[in-house]
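The structure under discussion appears below in the form of structure tokens.
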Amino acid sequence: MLSSTATMQAETDRALMARFERDAFERMTPYWRRLGFPFRRLVPSYATAIGSSADRPAALAKLMGTIVNDGEDLPPQRIDRLVFAPGTPYHTALEADPPVGHRLLSPAVARTARAVLNQVVDSDAGTAHRLRDLFRDQEGKPIPMGGKTGTGDNRFNTYGSGGRLVSSRVVSRTAAFTFFIGDRYYGVVTAAVYGSRAGDYRFTSALPLRFLELLAPSIEKRWQGAPADTEPLVLLEHLDRNLPHAVQHIDTDVALVASDE
165 MLSSTATMQA ETDRALMARF ERDAFERMTP YWRRLGFPFR RLVPSYATAI
215 GSSADRPAAL AKLMGTIVND GEDLPPQRID RLVFAPGTPY HTALEADPPV
265 GHRLLSPAVA RTARAVLNQV VDSDAGTAHR LRDLFRDQEG KPIPMGGKTG
315 TGDNRFNTYG SGGRLVSSRV VSRTAAFTFF IGDRYYGVVT AAVYGSRAGD
365 YRFTSALPLR FLELLAPSIE KRWQGAPADT EPLVLLEHLD RNLPHAVQHI
415 DTDVALVASD E
């Protein structure tokens, strides 16, 4: 009888602890979402408790931008100026209003986060140490860089009594590096394989790091040869010459910069 009572009490305690955990994560969710967490709920788990939770590349980049901007969240603005019919009587320039930001982190917290992220690149023990001094300004001086690496071997495991692994199903394998370069550029590089074939891969965050190394020359040209303030950022020419075929879509990943060609 005592054994049965003790068992029931233990089951009740476990149920209450699980409920407390769910309630705690539910209360934390608004704070995470305020800082850019893209999902409606947090999964109550040990992984989430230590910060290893699901995310989206755009959300990671947005958080990095907030940290670079001293804790102020500014909505990304892909196009800030449109110029039509330049050099003609119909010359028209449209400029977007500056985005309105709001503070998410105090400047002190953002600066502390940047210092920690710098160590990921600058420290000999940093997981992105290979990128140290990769980017340089026009005078040849290294541009400060920081970031966070991450590798995920994501599986759905089922456990039996005593912690015995009953089954394991591969969900995906992911690797990412979210970063900032200087006080202006930030982003994220992600590699991912989904489904059962993900179990055939062993890549780590070294893969996006290598990808960023390959992109470095193009990125440096971007800020060393940036268009002048008076140069139109976007030229939409000849749209009136083919009216039946209006522009339906512009790839958001394509840099719309005026070309001399």
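Its first residue numbered 165, the sequence shown is counted upward by one per residue in our numbering.
We put the beta carbon where it would ideally sit given N, CA and C, even for glycine.
Predicted model only: the values in this text are computed from it and were never measured.
{"Query": "Exposure label - H402; buried when at least 16 CB within 10 Å", "Result": "In this prediction, H402 has a pLDDT of 39, which is less than 50 and means its spatial position is unreliable; what the coordinates show is noted afterwards. Counting Cβ neighbours within 10 Å, H402 comes out exposed, since fewer than 16 surround it."}
{"Query": "For Y349, three-class secondary structure by DSSP", "Result": "strand"}
{"Query": "L238 beta carbon less than 7 Å from that of L246", "Result": "no"}
{"Query": "T276, enclosing alpha helix (DSSP H) - first and last residue", "Result": "271–286"}
{"Query": "Proximity winner among A362, A272, A225, D261, relative to Y349 (alpha-carbon distances)", "Result": "A225"}
{"Query": "Proximity below 7 Å, CB of F343 to CB of P372", "Result": "no"}
{"Query": "Span separating the alpha-carbon of D301 from that of E384", "Result": "8 Å"}
{"Query": "Beta-carbon spacing of A182, P202 below 7 Å", "Result": "no"}
{"Query": "C-beta atoms of A274 and I307 nearer than 7 Å", "Result": "no"}
{"Query": "In DSSP terms, what R300 is bridged to", "Result": "P306"}
{"Query": "Beta carbon proximity, V247 to chain B, threshold 7 Å", "Result": "Chain labels in this structure do not include chain B; a single protein chain is all it has."}
{"Query": "Contact belief for H200 with E236 at Cβ below 8 Å, rounded distance in angstroms", "Result": "Before going on, a small fix: residue 200 reads as Gly here, not His. Between E236 and G200 the Cβ distance is about 13 Å, and since that is not below 8 Å, they are no contact."}
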